[in-house]
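Novice:
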Amino acid sequence: KQEVTQIPAALSVPEGENLVLNCSFTDSAIYNLQWFRQDPGKGLTSLLLIQSSQREQTSGRLNASLDKSSGRSTLYIAASQPGDSATYLCAVMGGSARQLTFGSGTQLTVLP
Amino acid sequence: DGGITQSPKYLFRKEGQNVTLSCEQNLNHDAMYWYRQDPGQGLRLIYYSQIVNDFQKGDIAEGYSVSREKKESFPLTVTSAQKNPTAFYLCASTGQHSGNTIYFGEGSWLTVV
Numbered sequence: 016k017q018e019v020t021q022i023p024a025a026l027s028v029p030e031g032e033n034l035v036l037n038c039s040f041t042d043s044a045i046y047n048l049q050w051f052r053q054d055p056g057k058g059l060t061s062l063l064l065i066q067s068s069q070r071e072q073t074s075g076r077l078n079a080s081l082d083k084s085s086g087r088s089t090l091y092i093a094a095s096q097p098g099d100s101a102t103y104l105c106a107v108m109g110g111s112a113r114q115l116t117f118g119s120g121t122q123l124t125v126l127p
Numbered sequence: 014d015g016g017i018t019q020s021p022k023y024l025f026r027k028e029g030q031n032v033t034l035s036c037e038q039n040l041n042h043d044a045m046y047w048y049r050q051d052p053g054q055g056l057r058l059i060y061y062s063q064i065v066n067d068f069q070k071g072d073i074a075e076g077y078s079v080s081r082e083k084k085e086s087f088p089l090t091v092t093s094a095q096k097n098p099t100a101f102y103l104c105a106s107t108g109q110h111s112g113n114t115i116y117f118g119e120g121s122w123l124t125v126v
């Protein structure tokens, strides 16, 4: 059974810092990996999707990498801003039913 | 505008009652999912459906039921058998024509009173 772990569970940084969020998964047979953002009491917003054949994806200040063989992904956020404060979730899609398995998330606080 | 619509946003249930959460999508996605999220935790899969008239149990299906009579709709019923239903419920959908990107609704808060 696929298990997804995110470290750290919570992170607080001053504005302007670059930061890295980590995600690891146990079964490398995946279709893709997605990073999501969730604001309190809201649904999930997809940030980046990396197909299993890809190594990284970039969108603005965000860069996500995927190392399928080692079961790891990182989300890099450059020049963090208070508006980046949210919970960041990673999820891997796998199995014949294309199920998503989620990590527990990293709660990010960017201090002004 | 294409997307996923969940309703109601907030729902209160008395003990012993069944309630149904609605999920509608106009993205022409084949696959739809229901997740439950408890405070400070990740999402856990309740049920999923890959095609119309077919659905499968996820990791925490006990106390829940679903139907998939139309491609666009995947309602979730929280039955009285669900011992601890207070949670945030999220519906999602995906399709191969969208590169397997998964889209989420805004969620429904269910509270037992």
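Those protein sequences? They're chains B and F, same order as listed.
Our numbering runs 15 ahead of the 1-based position in the first sequence.
Our numbering runs 13 ahead of the 1-based position in the second sequence.
We put the beta carbon where it would ideally sit given N, CA and C, even for glycine.
For the segment 104-121 of chain B, enumerate the residues whose C-beta is nearer than 7 Å to any C-beta of chain F, in chain order.
Specialist: Going along the segment 104-121 of chain B in chain order, one finds Leu-104, Met-108, Ala-112, Arg-113, Gln-114, Leu-115, Phe-117, Gly-118, Ser-119 and Gly-120 with a Cβ nearer than 7 Å to chain F.
Novice: Can you check the segment 69-109 of chain F for any beta strand (DSSP E) of at least 3 residues that lies completely inside it and give the ranges in chain order?
Specialist: As far as the segment 69-109 of chain F is concerned, its whole beta strand (DSSP E) runs of at least 3 residues are 77-79, 89-91 and 100-107.
Novice: Could you have a look at B:Gly-98 and say whether DSSP puts it in helix, strand or coil?
Specialist: Residue state, collapsed to three classes: helix.
Novice: Short of 6 Å in beta carbon distance, which residues of its chain neighbour F:Phe-101, apart from the five on each side in sequence? Order them along the chain.
Specialist: Gln-50, Gly-120 and Trp-122.
Novice: Quick check: B:Leu-15 and B:Leu-81, are their CB atoms within less than 9 Å of each other?
Specialist: Residue 15 of chain B is absent from the structure shown; chain B starts at 16 and stops at 127.
Novice: Could you tell me which chain F residues have their CB closer than 9 Å to the CB of B:Ser-61, listed as they occur along the chain?
Specialist: Neighbours of B:Ser-61 on chain F, chain order: Thr-114, Ile-115, Tyr-116 and Phe-117.
Novice: Relative to chain F, which residues along the segment 27-59 of chain B have a C-beta separation below 9 Å, given in chain order?
Specialist: The segment 27-59 of chain B vs chain F, Cβ under 9 Å: Tyr-46, Asn-47, Gln-49, Phe-51, Gln-53, Gly-56, Lys-57, Gly-58 and Leu-59.
Novice: Can you pull the chain B neighbours of F:Gly-55, defined as C-beta to C-beta under 7 Å?
Specialist: In chain order: Leu-104, Phe-117, Gly-118, Ser-119 and Gly-120.
Novice: Compile a chain-ordered list of the residues in the segment 49-78 of chain F whose CB is closer than 7 Å to at least one CB of chain B.
Specialist: Listed by position, the residues of the segment 49-78 of chain F near chain B (Cβ gap below 7 Å) are Gln-54, Gly-55, Leu-56, Leu-58, Tyr-61, Gln-63 and Gln-69.
Novice: Would you list the one or two residues that DSSP bridges to B:Tyr-46?
Specialist: Answer is none; B:Tyr-46 lacks a bridge partner.
Novice: Where F:Lys-27 and F:Ser-20 are concerned, what is the direct C-alpha to C-alpha distance, given to the nearest angstrom?
Specialist: So the two alpha carbons sit approximately 18 Å from each other.
Novice: Does F:Gly-118 pass the burial test, meaning 16 or more other C-beta atoms within 10 Å, or should it be called exposed?
Specialist: Under this definition F:Gly-118 is a buried residue.
Novice: Under 9 Å, Cβ to Cβ, is there at least one residue of chain B near F:Phe-25?
Specialist: Chain B, which has no Cβ nearer than 9 Å to the Cβ of F:Phe-25, makes this no.
Novice: In or out: F:Arg-81 buried (at least 16 other Cβ within 10 Å) or exposed?
Specialist: That one is buried.
Novice: Going by DSSP, which residues form a beta bridge with B:Pro-29?
Specialist: Paired residue(s): B:Leu-126.
Novice: Quick check: what's the CA-CA separation for B:Pro-55 versus B:Pro-29?
Specialist: The alpha-carbon atoms of B:Pro-55 and B:Pro-29 are separated by roughly 20 Å.
Novice: Find the nearest neighbour of F:Leu-56 within the set B:Pro-127, B:Gly-110, B:Thr-102 and B:Leu-123, judged by alpha-carbon distance.
Specialist: Ranking B:Pro-127, B:Gly-110, B:Thr-102 and B:Leu-123 by Cα distance to F:Leu-56 puts B:Thr-102 first.
Novice: Relative to the alpha-carbon of B:Asn-78, which residue among B:Ser-84, B:Leu-64 and B:Lys-16 has its alpha-carbon at the smallest distance?
Specialist: Minimum Cα distance to B:Asn-78 is reached at B:Leu-64.
Novice: Does the beta-carbon of B:Asn-47 have 16 or more other beta-carbons within 10 angstroms, so that it is buried, or is it exposed?
Specialist: Flag for B:Asn-47 reads buried.
Novice: Mind checking if B:Val-125 is an interface residue toward chain F, Cβ cutoff 9 Å exclusive?
Specialist: It does not; no Cβ of chain F falls within 9 Å.
Novice: Would you mind stating whether F:Tyr-48 and F:Ile-64 have Cβ atoms separated by less than 9 Å?
Specialist: Against a cut-off of 9 Å, the Cβ pair of F:Ile-64 and F:Tyr-48 comes out as no contact.
Novice: Apply the 10 Å Cβ neighbour rule to F:Tyr-23 and answer buried if 16 or more other Cβ atoms are within range, or exposed otherwise.
Specialist: Exposed, because fewer than 16 other Cβ atoms sit within 10 Å of the Cβ of F:Tyr-23.
Novice: Do you know whose CA, among F:Lys-84, F:Thr-92 and F:Gly-53, lies nearest F:Ala-74's CA?
Specialist: Here the closest residue by C-alpha is F:Thr-92.
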